[in-house]
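Below is one structure, written out as structure tokens, with a few remarks after it.
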Amino acid sequence: MFTGIVQGTAKIAKIADREGLRTFTLAFPDGFCQDLAIGASVSTDGVCLTVTEILDANQATFDVMLQSLAITTLGSYQEGDRANVERAAKDGAEIGGHPLSGHVDFTSEVVMVKSSDTNRLMRFSIPEAFRKYVFAKGYIAINGASLTVSEVNRAEGWFEVWLIPETRRMTVFEDKQVGDHVNIEIERSTQVVVDTVRETVQESLGKLQPLLEAILKEKGLTLEDFVSPQGKLK
Numbered sequence: 001m002f003t004g005i006v007q008g009t010a011k012i013a014k015i016a017d018r019e020g021l022r023t024f025t026l027a028f029p030d031g032f033c034q035d036l037a038i039g040a041s042v043s044t045d046g047v048c049l050t051v052t053e054i055l056d057a058n059q060a061t062f063d064v065m066l067q068s069l070a071i072t073t074l075g076s077y078q079e080g081d082r083a084n085v086e087r088a089a090k091d092g093a094e095i096g097g098h099p100l101s102g103h104v105d106f107t108s109e110v111v112m113v114k115s116s117d118t119n120r121l122m123r124f125s126i127p128e129a130f131r132k133y134v135f136a137k138g139y140i141a142i143n144g145a146s147l148t149v150s151e152v153n154r155a156e157g158w159f160e161v162w163l164i165p166e167t168r169r170m171t172v173f174e175d176k177q178v179g180d181h182v183n184i185e186i187e188r189s190t191q192v193v194v195d196t197v198r199e200t201v202q203e204s205l206g207k208l209q210p211l212l213e214a215i216l217k218e219k220g221l222t223l224e225d226f227v228s229p230q231g232k233l234k
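Using the working numbering, you'd call the opening residue of the sequence shown number 1 and step up by one each time.
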């Protein structure tokens, strides 16, 4: 498990391909690898990777399967690129963000960026299948960083986040521009409640559910609008 509090960025020092497998060598910030062991988990731009070899005090290797390369942004990375990194949380660790599994749900395109001297506003696309899980003021993980959704438009399929100076300093987001892609992990408790509410409505209303959804649609609402960002019924 991870907390979504990015501990720094790592440089992709080397990429080596074998049949069905790609090996990344990551160069970490000083001190990041202290007590790191083979088999340990490291969130790399939100993807849970396993240490396969420790090369020195600051470098380790990770094997990534083709499936993971295909469904995340890792398949497009090149040597010299940088990624957000976080080591797995220890028992009793403070959860500064929100619990993350390191299992990416989808990749999202950056569709708008507005920056000032301090803040940075970023807008990301949402595939239709996942729009029901994204709420204003709710949590979402972008490249492994736990962030709060500021605005969301399910009809148009986008959400926005604001980045404070510390987040900009500690992550790769400062370099992301329109057209770039990021890894998204939705907040699991919200997903569970939304799915549970929908299943309950289906069981209770049966054939009346489409009628209810049509009425709500006329008013610009959906069933998911009746679930709070914390995954509770409003």
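Using N, Cα and C, we set each Cβ at its ideal position, and we do this for glycine too. A quick note: this is a predicted structure, and the numbers were derived from the prediction, not measured.
Let's see if you can read the secondary structure: which residues bound the alpha helix (DSSP H) around glutamate 166? As a position in the sequence shown, residue 166 is number 166, starting the count at 1. Counting along the chain, the unbroken alpha helix (DSSP H) around glutamate 166 starts and ends at 165-170.
Considering glutamine 67, what are the terminal residues of the alpha helix (DSSP H) in which it resides? Along the sequence shown, one-based indexing puts residue 67 at 67. Its alpha helix (DSSP H) spans residues 66-71.
Proximal residues to phenylalanine 130 (C-beta, below 7 Å), its chain only, five neighbours per side dropped: Along the sequence shown, read from residue 1 onward, the residue named residue 130 stands at position 130. Answer for phenylalanine 130: Asp105, Phe106, Ile186, listed in chain order.
CA-CA distance, methionine 40 and valine 6? Reading the sequence shown from its first residue, position 40 is the one you call residue 40. Reading the sequence shown from its first residue, position 6 is the one you call residue 6. Rather than methionine, the amino acid found at residue 40 in this sequence is alanine. Their Cα atoms are separated by approximately 17 Å.
Take valine 152 as the anchor and find which of Ile142, Val134, Glu53 has the nearest alpha-carbon. In the sequence shown, residue 152 corresponds to position 152, counting from 1. By alpha-carbon distance to valine 152, the top candidate from Ile142, Val134, Glu53 is Val134.
From the DSSP output, which residues share a beta bridge with glutamine 59? Numbered from its first residue, the sequence shown carries residue 59 at position 59. Ala27.
Measure the alpha-carbon distance for isoleucine 12 versus glutamine 209 and round it to whole angstroms. Residue numbering aside, residue 12 sits at position 12 when the sequence shown is read from its first letter. Residue numbering aside, residue 209 sits at position 209 when the sequence shown is read from its first letter. Distance between the alpha carbons of isoleucine 12 and glutamine 209 is about 50 Å.
Alpha carbon to alpha carbon, what distance is there between tryptophan 158 and threonine 200? If you number the sequence shown from 1, residue 200 lands on position 200. If you number the sequence shown from 1, residue 158 lands on position 158. Within the model, the alpha-carbon separation for threonine 200 versus tryptophan 158 is close to 27 Å.
Assuming glycine 97 and glycine 4 are in contact, meaning their beta carbons sit under 8 Å apart, how far apart are those beta carbons, in whole angstroms? Reading the sequence shown from its first residue, position 97 is the one you call residue 97. Reading the sequence shown from its first residue, position 4 is the one you call residue 4. With a Cβ gap of about 3 Å, glycine 97 and glycine 4 count as contacting.
Where the beta strand (DSSP E) containing valine 104 begins and where it ends: For the purposes of this step, residue 104 is taken as residue 104 along the sequence shown, with counting starting at 1. Neither: valine 104 is in no beta strand (DSSP E) and is coded neither H nor E.
Touching by the beta-carbon criterion (3+ pairs, under 8 Å), the segment 19-32 and the segment 102-122: Remark: fewer than three beta-carbon pairs, one from each stretch, lie closer than 8 Å, so the segment 19-32 and the segment 102-122 are not flagged as touching.
According to DSSP, is tyrosine 139 helix, strand or coil? Stepping through the sequence shown from its first residue, residue 139 is reached at position 139. Looking at tyrosine 139 - three-state DSSP - the assignment turns out to be strand.
Between the segment 76-83 and the segment 31-38, can you find at least three pairs of beta-carbon atoms closer than 8 Å? Cβ pair count under 8 Å is below three, so no.
Comparing alpha-carbon positions, which option in Thr72, Ile15, Phe124, Gly206 lies nearest phenylalanine 62? Locating residue 62 in the sequence shown gives position 62, counting from the first residue. It is Ile15 whose Cα lies nearest to the Cα of phenylalanine 62.
For methionine 170 and leucine 163, what's the separation of their Cα atoms in angstroms? As a working note, residue 170 is residue 170 in the sequence shown. As a working note, residue 163 is residue 163 in the sequence shown. One C-alpha to the other measures close to 11 Å.
Which residue marks the beginning of the beta strand (DSSP E) containing valine 47, and which one marks its end? Indexing the sequence shown from 1 puts residue 47 at position 47. Element bounds for valine 47: 47-54.
Going by DSSP in three states, serine 116 sits in which element: helix, strand or coil? In the sequence shown, residue 116 corresponds to position 116, counting from 1. Serine 116 sits in coil when the DSSP states are folded into three classes, being neither helix nor strand.
Using the Cα positions of alanine 136 and arginine 154, report the straight-line distance between them to the nearest angstrom. Your numbering for residue 136 matches position 136 in the sequence shown. Your numbering for residue 154 matches position 154 in the sequence shown. Between the alpha carbons of alanine 136 and arginine 154 lies a gap of roughly 11 Å.
Cβ atoms of alanine 57 and valine 51: under 8 Å apart, would you say? Within the sequence shown, numbered from 1, the residue matching residue 51 stands at position 51. Within the sequence shown, numbered from 1, the residue matching residue 57 stands at position 57. In this structure, valine 51 sits away from alanine 57, with a CB-CB distance that is not shorter than 8 Å.
Under 8 Å by Cβ, that's how I've got methionine 166 and serine 150 pegged, so tell me the actual separation to the nearest angstrom. Sequence index remark: in the sequence shown, residue 166 carries index 166 (1-based). Sequence index remark: in the sequence shown, residue 150 carries index 150 (1-based). The sequence given here has glutamate at residue 166, not methionine. Incorrect: roughly 17 Å between the Cβ atoms, too far for contact.
Tell whether a beta-carbon distance below 8 Å holds between serine 43 and phenylalanine 2. Taking the sequence shown and counting its residues from 1, one reaches residue 43 at position 43. Taking the sequence shown and counting its residues from 1, one reaches residue 2 at position 2. The Cβ atoms of serine 43 and phenylalanine 2 lie closer than 8 Å to each other.
Name the DSSP beta bridge partners of isoleucine 186, please? Here residue 186 is taken as the residue at index 186 of the sequence shown, counted from 1. Looking at the DSSP output, isoleucine 186 shares a beta bridge with Ile140.
Rounded to the nearest angstrom, what separates valine 178 and isoleucine 142 at their Cα positions? Residue 178 sits at position 178 when you count from the first residue of the sequence shown. Residue 142 sits at position 142 when you count from the first residue of the sequence shown. Answer to the nearest angstrom: the Cα atoms are 15 Å apart.
Give the secondary structure of glycine 8 by DSSP, where H, G and I count as helix, E and B as strand, and everything else as coil. By 1-based counting over the sequence shown, the position of residue 8 is 8. If DSSP states are grouped into helix, strand and coil, glycine 8 belongs with the strands.
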